[in-house]
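Undergrad:
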Amino acid sequence: MFSRFLTSALFAGASAGLLTGLLQLYFVQPVLLHAELYETGALVHFGADPVSAHPDLPGFDAVRDGLSLIFTMLTYTAYALILLAAMSLGEERGAVIDGRWGILWGVAGFVAFHLAPGFSLAPEVPGVAAADITARQIWWFAAAAAALVALWLLAFGKGWGAWIGAAVLLMAPHIIGAPEPESFSGPVPTEIGALFAARALGIGLAAWVLLGSFAGFFWQREGAQSA
Amino acid sequence: MTTMIKTAGATRSKLVPALFAAVLGVALMALTGHVQAAALHDAAHDVRHATGFPCH
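Residue numbers (full-length UniProt numbering), protein chains in the order written: chain A, 1 to 227; chain B, 1 to 56.
Below is the structure:
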């Protein structure tokens, strides 16, 4: 049984991760590189002269971008393991797990691991002011875990108790509040920061839809082969 | 009675691998997305930003 998890997660995570990595390189990486020009001081926002919004950006870097592809594949393989664990428990409760229903599971994964934490800790470009990293990580894990439980309650819970519990779990991390910086000292223009957050969330949704669909597909195929 | 025992057994046999898969997934995600060791941080830097993990 465990090999079914591993095989499905590896295939789904590696393929969805590779596609996501390529999407990130095209849509997200240029925004990040643009921000780094401000982070390093190569460009200065609100200096003496207006700064062009279209500077020359560094091109493809085999080592840096290759590592990004590898780590994206690893990250989405990790997410695939978590998603498949949830899918298999859902299957026990009568949910159909295949490539088509997997899309819905993928959207749920996006909400739990990307949108819910990002609602208060927006995806940030390099060079923005932020609170202590450990505090933000603890809050990130708590927000993701709370959203995960909330979505499970919405999908499989019955009655008002489950639904109200889900709403409380979804809102609580944001009412308590994410760790915030003491002061704003980031040199990056807000336009770049906003575009980066939008792009990161958009590609995140695409990534999770791919991951959910692939995970459902491979889970069903591996099950059919072993049966 | 027999059916019930079988069902419980089947559920348990899936629960343990599912739990193990989830733990392995969280561990791997912590490694690629959250551990602050310099080498890991530098290699995964762009991914951490693009994936919305807290970075720096």
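Idealized CB from N, CA, C, for every residue including glycine. It should be emphasised that the depicted structure is a prediction, and the values quoted were computed from it without experimental measurement.
When DSSP labels each residue in this structure, what does B/His41 get in the three-state scheme?
TA: Start at 1 with the first residue of the second sequence, and residue 41 of chain B comes out as number 41. Note: B/His41 maps to helix in three-state DSSP.
Undergrad: Can you list, in chain order, the stretches of the alpha helix (DSSP H) that have 4 or more residues and sit fully within the segment 31 to 109 of chain A?
TA: Here the runs fully enclosed are 62 to 92.
Undergrad: Below 8 angstroms, is the gap between the Cβ of A/Ala197 and the nearest heavy atom of the ligand FMN?
TA: What this structure holds is no ligand at all, so the ligand FMN is not there to describe.
Undergrad: Would you mind working out which of A/Glu91, A/Val31, A/Leu25 sits nearest A/Leu67, comparing C-alpha positions?
TA: Taking the first residue of the first sequence as 1, we reach residue 67 of chain A at position 67. Closest by alpha carbon: A/Leu25.
Undergrad: Just by C-beta distance, which residues in the segment 28 to 46 of chain B are closer than 7 angstroms to chain A?
TA: Against chain A - using a Cβ distance shorter than 7 angstroms - the residues of the segment 28 to 46 of chain B are Leu28, Met29, Thr32, Gly33, His34, Gln36, Ala43, Ala44, Asp46.
Undergrad: With 16 other CB atoms within 10 Å as the buried threshold, where does B/Met1 fall?
TA: Taking the first residue of the second sequence as 1, we reach residue 1 of chain B at position 1. Below a pLDDT of 50, predicted positions are generally treated as unreliable, and B/Met1, at 47, falls in that range; no measurement from the model is reported.
Undergrad: According to DSSP, is A/Gly177 helix, strand or coil?
TA: The residue you call residue 177 of chain A lines up with position 177 of the first sequence. A/Gly177 falls in the coil class under three-state DSSP.
Undergrad: For A/Ser120, which residues of its own chain have a beta-carbon under 6 angstroms away from its beta-carbon, when the five flanking residues on both sides are left out?
TA: Looking up residue 120 of chain A in the first sequence gives position 120. The answer, listed in chain order, is His174, Ala178.
Undergrad: Interface residues of chain B around A/Ser68 at Cβ under 9 angstroms?
TA: Here the question's residue 68 of chain A lines up with position 68 in the first sequence. Correct list: Ala43, Ala44, His45, Asp46, Val47, Ala50.
Undergrad: Rounded to whole angstroms, what's the CA-CA distance from A/Leu89 to B/Lys14? Just pull it up for me.
TA: Stepping through the first sequence from its first residue, residue 89 of chain A is reached at position 89. Stepping through the second sequence from its first residue, residue 14 of chain B is reached at position 14. If I take the Cα positions, the gap works out to 8 angstroms.
Undergrad: Leaving aside the five residues before and after A/Gly17 along the sequence, list all residues of the same chain whose C-beta is less than 6 angstroms from its C-beta, in chain order.
TA: Here residue 17 of chain A refers to the residue found at position 17 of the first sequence. Same-chain partners within the cutoff: Thr72, Met73, Tyr76.
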